[in-house]
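**Q** Mind having a look at this structure? Questions to follow.
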Amino acid sequence: MTIKVGISACLLGDQVRYDGGHKRSSFCADELIRHVEFVKLCPEVGIGMPVPRPTIRLEWHEQAPTASEPASSVRAIVPKTGEDVTARLTEFADRAQPHLRQLSGYVLCAKSPSCGMERVKLYDPVTGYSKKAAEGIFVQRLRQLHPALPLEEDGRLNDAPLRENFIMRVYVYHAWQQLLGKATPAVAVKKADLLAFHTSLKLLLMAHNQQQYRELGRWVAAQQDLTSADAQEYIEQVMQALGKPATRANHTNVLQHLQGYFGRHLNAEQKQELSQLILDYHDGIQPLLAPLTLLRHYLREYPDSYLAGQRYLNPYPADLKLRYAL
Numbered sequence: 001m002t003i004k005v006g007i008s009a010c011l012l013g014d015q016v017r018y019d020g021g022h023k024r025s026s027f028c029a030d031e032l033i034r035h036v037e038f039v040k041l042c043p044e045v046g047i048g049m050p051v052p053r054p055t056i057r058l059e060w061h062e063q064a065p066t067a068s069e070p071a072s073s074v075r076a077i078v079p080k081t082g083e084d085v086t087a088r089l090t091e092f093a094d095r096a097q098p099h100l101r102q103l104s105g106y107v108l109c110a111k112s113p114s115c116g117m118e119r120v121k122l123y124d125p126v127t128g129y130s131k132k133a134a135e136g137i138f139v140q141r142l143r144q145l146h147p148a149l150p151l152e153e154d155g156r157l158n159d160a161p162l163r164e165n166f167i168m169r170v171y172v173y174h175a176w177q178q179l180l181g182k183a184t185p186a187v188a189v190k191k192a193d194l195l196a197f198h199t200s201l202k203l204l205l206m207a208h209n210q211q212q213y214r215e216l217g218r219w220v221a222a223q224q225d226l227t228s229a230d231a232q233e234y235i236e237q238v239m240q241a242l243g244k245p246a247t248r249a250n251h252t253n254v255l256q257h258l259q260g261y262f263g264r265h266l267n268a269e270q271k272q273e274l275s276q277l278i279l280d281y282h283d284g285i286q287p288l289l290a291p292l293t294l295l296r297h298y299l300r301e302y303p304d305s306y307l308a309g310q311r312y313l314n315p316y317p318a319d320l321k322l323r324y325a326l
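Each residue of the sequence shown is one higher than the last, beginning at 1 in full-length UniProt numbering.
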């Protein structure tokens, strides 16, 4: 199945920004596009605003609570006219649900009052001061509708560990969506399918969050067939565990764990070479790809069905070169 990834339309070069320009992402438009089908959305254009258009800004408003609104809230305001477009941006996300449900990830435009994922300017309309403390209105609703969906901003994709982490999560989430495709009204995920899926993630989880790796292992062992609510709880926990780039220390632990599987096959010289490569990675002398390449070589020579099924070894297409800088 094609992997579908949502993206702010301006990041693919569409001239839909407030000033009539774009923020084309070369990684998305030139590299990632070879492996995914992008679904372009621009919430501001989607609610009927023109191009170019007056700017929107996020404001903090104290107000009396109502049945639908809290006592205080972040509002999307057009300063030029005073129009509040908060509800329209939220409703746009609701209308886009047929598209959003198909997505395995979403790349967002940084700093945008609709699409910014974090640190968007939040203004105090009384004092005029601002702080980088908000997220875009569309993104806020997107998180509510799809809390496990991998999200990332265009600027952060220039950081190698963050870029690798996002793409890895997209591929894991897509695999989970394929598993959910087998669901019946009574059973969202069969116990056998859950065990197979979770087993494939064990080394990835170990590399990213060892505490949650252990907790999830116990949780899965205690389950039978999953209901929809159970399945949602599981994937949210998995995405949370994978949500931050793995540390060099945790990668080293996983590499040494992998090394143990080949101990009886390798001679003393081969063991020393592999051990030294892993230590060189730990000390920042070699990239992660160096010991991984040797481990994959040994896996071809000495096949192991458990290791062959581990996403840690091949989490995404190699030509994306995501582990070169790790």
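Glycine included, C-beta positions come from ideal geometry on N, C-alpha and C.
Where does residue 404 fall in DSSP's three states?
**A** Summary: the structure shown does not reach residue 404, with the chain confined to residues 1 through 326, and so no result is reported for it.
**Q** Enumerate in chain order the residues of its own chain whose CB-to-CB distance from N165 is below 6 angstroms, with the five nearest sequence positions on each side excluded.
**A** Residue numbering aside, residue 165 sits at position 165 when the sequence shown is read from its first letter. If we look at N165 and ignore the five residues flanking it on each side, its Cβ neighbours are P245.
**Q** Thinking V5 and V51 are a contact (beta carbons under 8 angstroms), I'd like their distance in whole angstroms, please.
**A** In the sequence shown, counting from the first residue as 1, residue 5 sits at position 5. In the sequence shown, counting from the first residue as 1, residue 51 sits at position 51. Contact doesn't hold; Cβ gap of about 23 angstroms is too wide.
**Q** Taking DSSP's pairing of strands, which residues face V107 in a bridge?
**A** Residue numbering aside, residue 107 sits at position 107 when the sequence shown is read from its first letter. According to DSSP, V107 bridges with I7, E152.
**Q** Compare the beta carbon distance of P315 and M168 with 7 angstroms and say whether it is the shorter of the two.
**A** Looking up residue 315 in the sequence shown gives position 315. Looking up residue 168 in the sequence shown gives position 168. Against a cut-off of 7 angstroms, the Cβ pair of M168 and P315 comes out as a contact.
**Q** Excluding the five sequence neighbours on either side, which residues of its own chain have a C-beta within less than 8 angstroms of the C-beta of Y281, listed in chain order?
**A** If you number the sequence shown from 1, residue 281 lands on position 281. Counting only Cβ-Cβ distances below 8 angstroms, and skipping sequence neighbours, we find R248, H251, T252, L255, P287, L288, A290, P291.
**Q** Return yes when the C-beta of I235 is under 6 angstroms from any heavy atom of the ligand FAD, and no when it is not.
**A** The ligand FAD is absent from the structure shown, which contains no ligand whatsoever.
**Q** Under 7 angstroms between the Cβ atoms of I235 and A93?
**A** Working through the sequence shown from its first residue, we reach residue 235 at position 235. Working through the sequence shown from its first residue, we reach residue 93 at position 93. No, the pair does not count as a contact, with Cβ atoms beyond the cut-off.
**Q** Per DSSP, V120 is paired with what?
**A** Your numbering for residue 120 matches position 120 in the sequence shown. A134, per the DSSP bridge assignment.
**Q** With a 10 Å radius around its C-beta and 16 neighbouring C-beta atoms as the bar for buried, classify L41 as buried or exposed.
**A** By 1-based counting over the sequence shown, the position of residue 41 is 41. Buried, by the Cβ-count rule.
**Q** Which class does V220 belong to by DSSP, given the choice of helix, strand or coil?
**A** In the sequence shown, residue 220 corresponds to position 220, counting from 1. It is helical.
**Q** With 16 other CB atoms within 10 Å as the buried threshold, where does residue 332 fall?
**A** This structure cannot settle anything about residue 332, because the visible part of the chain is limited to 1 through 326.
**Q** Taking 8 angstroms as the threshold, find out whether the region 204-215 comes into contact with the region 316-325 through three or more Cβ pairs.
**A** Too few Cβ pairs lie closer than 8 angstroms, so no.
**Q** Using the C-alpha atoms, what's the distance from D154 back to I77?
**A** As a working mapping, residue 77 is identified with position 77 in the sequence shown. As a working mapping, residue 154 is identified with position 154 in the sequence shown. If I take the Cα positions, the gap works out to 24 angstroms.
**Q** So what's L226 in DSSP terms, helix, strand or just coil?
**A** What you label residue 226 is simply residue 226 of the sequence shown in a count that begins at 1. Three-state result, L226: strand.
**Q** So for S73, helix, strand or coil by DSSP?
**A** Start at 1 with the first residue of the sequence shown, and residue 73 comes out as number 73. Three-state result, S73: strand.
**Q** Using the rule of at least 16 other Cβ atoms within 10 Å of the residue's Cβ for burial, across every protein chain shown, is T127 buried or exposed?
**A** Residue mapping note: residue 127 aligns to position 127 of the sequence shown, counting from 1. By the neighbour-count rule (16 or more Cβ atoms within 10 Å), T127 is not buried but exposed.
**Q** Quick one: what's got a C-beta closer than 6 angstroms to Y173's C-beta in the same chain, skipping five residues either side?
**A** To locate residue 173, count along the sequence shown from 1; it is residue 173. Once the five neighbours on either side are set aside, the close Cβ partners of Y173 are S104, P150.
**Q** Tell me which residues share the same chain as D304 and place their Cβ nearer than 8 angstroms to its Cβ, disregarding the 5 neighbours each side in the sequence.
**A** Counting from one through the sequence shown, the residue named residue 304 turns up at place 304. Y261, listed in sequence order.
**Q** How long is the line joining the alpha carbons of L299 and N209, rounded to whole angstroms?
**A** As a first step, residue 299 must be located in the sequence shown, where it is residue number 299. As a first step, residue 209 must be located in the sequence shown, where it is residue number 209. Straight-line Cα distance between these residues: approximately 25 angstroms.
**Q** Leaving out the 5 sequence neighbours to the left and right, which residues in its chain are closer than 7 angstroms to L194 when beta-carbon positions are compared?
**A** The count along the sequence shown starts at 1 and reaches residue 194 at position 194. Excluding residues within five positions, the ones whose Cβ falls inside 7 angstroms are V220, Q223, L226.
**Q** In chain order, what residues of the same chain have a beta carbon less than 6 angstroms from the beta carbon of Q259, not counting five sequence neighbours either side?
**A** One-based indexing of the sequence shown puts residue 259 at position 259. Counting only Cβ-Cβ distances below 6 angstroms, and skipping sequence neighbours, we find L274.
**Q** For the candidate residues M206, R143, H146, A229, whose alpha-carbon lies nearest to that of P185?
**A** If you number the sequence shown from 1, residue 185 lands on position 185. With distances taken between Cα atoms, P185 lies closest to A229.
**Q** I think A231 touches A188, with their Cβ atoms under 8 angstroms apart; what is that distance to the nearest whole Å?
**A** Counted from its first residue, the sequence shown places residue 231 at position 231. Counted from its first residue, the sequence shown places residue 188 at position 188. Indeed they touch by this definition, with Cβ atoms about 4 angstroms apart.
**Q** Taking the alpha helix (DSSP H) that L320 belongs to, which residues open and close that run?
**A** Sequence index remark: in the sequence shown, residue 320 carries index 320 (1-based). Taken as a continuous stretch (DSSP letters only), L320 belongs to no alpha helix (DSSP H), as it is neither H nor E.
**Q** Are there 16 or more other CB atoms within 10 angstroms of the CB of P98, so buried, or fewer, so exposed?
**A** Residue numbering aside, residue 98 sits at position 98 when the sequence shown is read from its first letter. Its Cβ having fewer than 16 others within 10 Å, P98 is exposed.
**Q** According to the neighbour-count rule (16 or more other Cβ atoms, all chains shown, within 10 Å of its Cβ), is Y302 buried or exposed?
**A** As a first step, residue 302 must be located in the sequence shown, where it is residue number 302. Per the 10 Å Cβ criterion, exposed.
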